[in-house]
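Chains S and C supply the protein sequences, listed in that same order. When you read off a place in the first sequence, starting at 1, and then add 31, the result is the number in the working numbering. When you read off a place in the second sequence, starting at 1, and then add 1, the result is the number in the working numbering. Even glycine gets a Cβ: it sits at the ideal position worked out from N, Cα and C. Since the model is a prediction, treat every value here as computed from it, not as a measurement.
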Amino acid sequence: MLQDILVTGLVNGGVYALLAIGFSLIFGVARIVNIAHTAFYMLAAYCFYTLLTKGGIGFTLAGVIAVVSVVALSLLCYRLVIEPVREHESAVLISTIALGLIFQELMLVSYGGHFLGVPSTIDGVVRIAGVSIPYQRLLILVVAGFMLAATWFFLYHTRTGLAIRATANDLEVANLMGMNVHRVAMVTVGFSVGLAAIAGVVATPVTSVHPHMWLDPLVIMLAIVVLGGLGSLKGSVIGALIIAYVEAITVFTLPAGAHLKGVAALGIMVAVLLARPEGLFGVAFEEER
Amino acid sequence: MQRFILGIALALAAPLALAQTIKIAILGPMSFVQGEHHWNGAEMARDEINKAGGVNVGGKRMQIELVRADTNEIQSVPDATNAVERVITRDKVDFLVGGFRSEAVLAMQEVAMDNKKLFLGVGAAHSKLGLNVEQNYDRYKYWFRVSPTKDVDLARTLFAVLGSIGQQIRTDLKTDTPKVAILAEKAVWTEGLVAAAQKNLPALKMEVVGLWQPSAVATDVTAELSAIDRAGAHIVFTMLSGPVGISVGRQMGERGMKAVAWGINVEGQKEEFWQAAAGKAQFVSTLDTYSEVEYTPKTIPFVRAYQARFKKAPTYTAATYDAIMLLKDAIEKVGSTNADRIVAYIEKVEHVGTGSVATFDKRHDLVWAVGKTSGIAVQWQDGKKVPFWPPNVKGMQPFKMPAR
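Put into structure tokens, the structure is as follows:
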């Protein structure tokens, strides 16, 4: 059973991390609680599905078009919906909830409530320590690892990354130093939604595409970033692994309580927050924020 | 003066014109597959009846008029009751047909009974719907469950088929006691079934290796399936109504599991299941209602006509067709649209429909009988739903298991 837990937790943790790091980035930098983050993940999944099954184009091209289209849409949404109310956190929260619901209803009207499937990018399974793992899940793990490395490189080895970190550190000082903070925020939104869209493209083959598919990962993603510490990428990755392992342990040790795996994961989050309100790797909130 | 006379004539004629139709509300989640098939089945019945001249109501021919009521019940029970209120008060419908989600249908039943509207249920299985009739007949007598059978009777069918599959496993795998993993979503409707399975399977000489209860909307059941694999199960006994059914079918296939899935998998009943599971759901089997088999003399013609018209096979909610045909038969026999008289007639009738040969008990539930109301069992084989049970029905094919 131990090897089952180890392998299952690692693979599922990869999927969760892919979603959580984008959300964490946009919060850490732009201080935007983007509830519609997983709705963009859903839109990418629909776009990928449509291009692949209706458009008849290959996986790679469909994936690239889906990601680029969703990023473009997110930038448009940022300019039209989020930026005008950005100074008001509650307004941003409500606006992004509304965006998510609008996207959900649009998909419901366009595609109906059907559950749609996308074929695996890579078929087959591999046995690791006696546990069967589909190649598609390993691909997700590899993509998650790669994107995490790319995010780290982008933030710490590029001028734009330096600007993003400076803005995250102190928005007003960065502004006074001549940085275009609005442009930095837009780049951050585009990058983080890009991560969600990539998650949508690579994770779609292991799940179903439907209008409500953004809600479940939303709860898990919020739990992960709160557990790991809002704005901390390292915290998001470790939080994702913790949540995934708690879920795996719950299912393997308490089969009849498999439906409780989400509750168990959220329980761990609450316990950590009681001991450390800023999360595992979060920075305590500063007064001016 | 001429205009005045014409106005009076029109005013007098208007109610007569309105009275030329029998208005039936079709209640269902219209954005979802269940509602889509509710509506399709009803349209087929309406067109067939109207084309043949309508319903003979005491010597007067009346056309069927359908009112499409989107209950949105999968997402919201209040939306469902609002829809029923609307069709009764605004659209002035005469009868109600449909419903899917038990929680919503229980609430819709109350609204219908408040208004003494005949409500022919097509979709919900919860026993309470029929129990209401038994406990308070005067209030709930306007409810009949046309499809499916109540949950307890669904269990009877499940165990009958499970026994048959178990026997095949004994023969093929040379094992005396097949191992069964129960995989039931955590929901009210599965509680009785799970308890019955845990109690009855040892009596069927089967070993229960465990009970796994994911959420009905779980999109990832890899951990559950890993555990089931490790437990060495031969059969995964499913009780799934939500999208988790797709995840189970797909991920069992992806993992190349040797166990075979049997039970209730509502998503697995749909034509779209194979595509939704990305073609991985080989050998997944489920209880179902329609296939091209001679379940009743009307089944094959109905299924073929449905496929020709809608380019897909009907699911069990398409039994709105049977409900409307039953209604037509009742109205013509009693010569009236009076709900009380129709109730009295339906209580005594045996109606040969497309999905069942229906007679009703004191709860206004279908009387369960293999080959009459039990439904059929189907298995996904190479992208097609293949019927395999009950064996005495003409058109059944062999049940298959994954190669070991």
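For residue i, go through chain S and note every residue whose CB falls closer than 7 Å to its CB, in chain order.
i: L212 of chain C; result: P286 and A287
Of all Cβ atoms in chain C, is any one closer than 8 Å to the Cβ of residue i?
i: T39 of chain S; result: yes
i: V156 of chain S; result: yes
i: S163 of chain S; result: yes
i: G94 of chain S; result: no
i: H241 of chain S; result: yes
i: H290 of chain S; result: yes
i: H145 of chain S; result: yes
i: A228 of chain S; result: no
i: A279 of chain S; result: yes
i: D35 of chain S; result: yes
i: N43 of chain S; result: yes
i: D7 of chain S; result: The requested residue 7 of chain S is not part of the displayed model; chain S covers only 32 to 320.
i: T81 of chain S; result: no
Taking 8 Å as the threshold (beta carbon to beta carbon), is residue i in contact with chain S?
i: D230 of chain C; result: yes
i: K187 of chain C; result: yes
i: A378 of chain C; result: no
i: S77 of chain C; result: no
i: A277 of chain C; result: yes
i: P244 of chain C; result: yes
i: G434 of chain C; result: It is not possible to answer for residue 434 of chain C, since the shown part of chain C is limited to 2 through 405.
i: R251 of chain C; result: yes
i: E273 of chain C; result: yes
i: A43 of chain C; result: no
Under the assumption that residue i contacts residue j (Cβ atoms under 8 Å), give the Cβ distance between them as a whole number of angstroms.
i: V277 of chain S; j: R168 of chain S; result: Rounded, the Cβ-Cβ distance is 19 Å, inconsistent with contact.
i: D35 of chain S; j: V162 of chain S; result: 5 Å
i: K488 of chain C; j: G233 of chain C; result: Absent from the model: residue 488 of chain C. The displayed extent of chain C is 2 to 405, so no value can be given.
i: Y317 of chain C; j: G257 of chain C; result: Not quite, the Cβ-Cβ distance comes to about 31 Å (not below 8 Å), so this is no contact.
i: G148 of chain S; j: W245 of chain S; result: With 8 Å as the limit, G148 of chain S and W245 of chain S do not qualify as a contact, their Cβ atoms being about 17 Å apart.
i: G262 of chain S; j: G59 of chain S; result: 3 Å
Under 9 Å Cβ-Cβ, which residues of chain S neighbour residue i?
i: V280 of chain C; result: Residue identity differs from the one stated: residue 280 of chain C is Gly in this sequence, not Val. Near G280 of chain C (Cβ distances below 9 Å), the residues of chain S are G148 and P150.
i: G269 of chain C; result: Result: empty, since nearest Cβ-Cβ is about 11 Å, beyond 9 Å.
i: P215 of chain C; result: V282, A289, H290 and K292
Could you tell me which chain C residues have their CB closer than 7 Å to the CB of residue i, listed as they occur along the chain?
i: V282 of chain S; result: A224, E225 and A228
i: L139 of chain S; result: S32
Can you list the residues of chain C that residue i reaches, using a CB-CB cut of under 8 Å?
i: T238 of chain S; result: T220, D221 and S248
Residues in its own chain within less than 7 Å of residue i by CB, not counting five upstream and five downstream?
i: K129 of chain C; result: L107
i: S105 of chain S; result: F71, V220, G221 and V224
i: Q398 of chain C; result: V387, P388 and F389
i: H38 of chain C; result: P315, T316, T318 and A319
i: L124 of chain S; result: V64 and I66
i: G280 of chain C; result: G384
i: Y80 of chain S; result: L147, V149, T235 and V240
Does the beta carbon of residue i fall short of 7 Å from some heavy atom of the ligand ATP?
i: R69 of chain C; result: Absent from the structure shown: the ligand ATP. Ligands present: none.
Tell me which residues share the same chain as residue i and place their Cβ nearer than 6 Å to its Cβ, disregarding the 5 neighbours each side in the sequence.
i: P165 of chain S; result: V156
i: M240 of chain C; result: A185, T191, L194, G264 and I265
i: G231 of chain S; result: Y72, A75 and A76
Near residue i, what residues of its chain come up, given a Cβ to Cβ distance below 8 Å and the 5 sequence neighbours on each side ignored?
i: L7 of chain C; result: The predicted position of L7 of chain C is uncertain, since its pLDDT is 49 and thus under 50; a value taken from the coordinates is nonetheless stated next. If we look at L7 of chain C and ignore the five residues flanking it on each side, it has no Cβ neighbours.
i: S239 of chain S; result: F146, L147 and G148
i: V112 of chain C; result: T82, V85, E86 and I89
i: A258 of chain S; result: Checking the displayed sequence, the identity of residue 258 of chain S turns out to be Leu instead of Ala. So the list reads G266, G270, I273, I274, I299, M300, V303, L304, G310 and L311, once near-sequence residues are dropped.
i: G86 of chain S; result: A93
Three CB pairs or more closer than 8 Å across the stretch 223 to 238 of chain S and the stretch 101 to 110 of chain S: yes
Given 8 Å, three or more beta-carbon pairs between the stretch 289 to 296 of chain C and the stretch 345 to 360 of chain C: yes
Cβ pair count under 8 Å reaching 3, the stretch 21 to 28 of chain C against the stretch 52 to 72 of chain C: yes
Touch test, the stretch 72 to 81 of chain C against the stretch 44 to 55 of chain C, Cβ-Cβ under 8 Å, three pairs minimum: no
Cβ contact (3+ pairs, closer than 8 Å) linking the stretch 134 to 148 of chain C and the stretch 267 to 287 of chain C: no
Cβ pair count under 8 Å reaching 3, the stretch 209 to 223 of chain C against the stretch 192 to 209 of chain S: no
The stretch 112 to 123 of chain C in contact with the stretch 331 to 346 of chain C per 3-pair CB rule at 8 Å: yes
Stretch-stretch touch, CB-based, cutoff 8 Å, three pairs: the stretch 215 to 228 of chain C with the stretch 242 to 259 of chain C: yes
Cβ pair count under 8 Å reaching 3, the stretch 247 to 258 of chain S against the stretch 295 to 307 of chain S: yes
Given 8 Å, three or more beta-carbon pairs between the stretch 181 to 197 of chain S and the stretch 65 to 79 of chain S: no
Segment contact flag, the stretch 249 to 256 of chain C with the stretch 217 to 231 of chain C, C-beta cutoff 8 Å, min 3 pairs: yes
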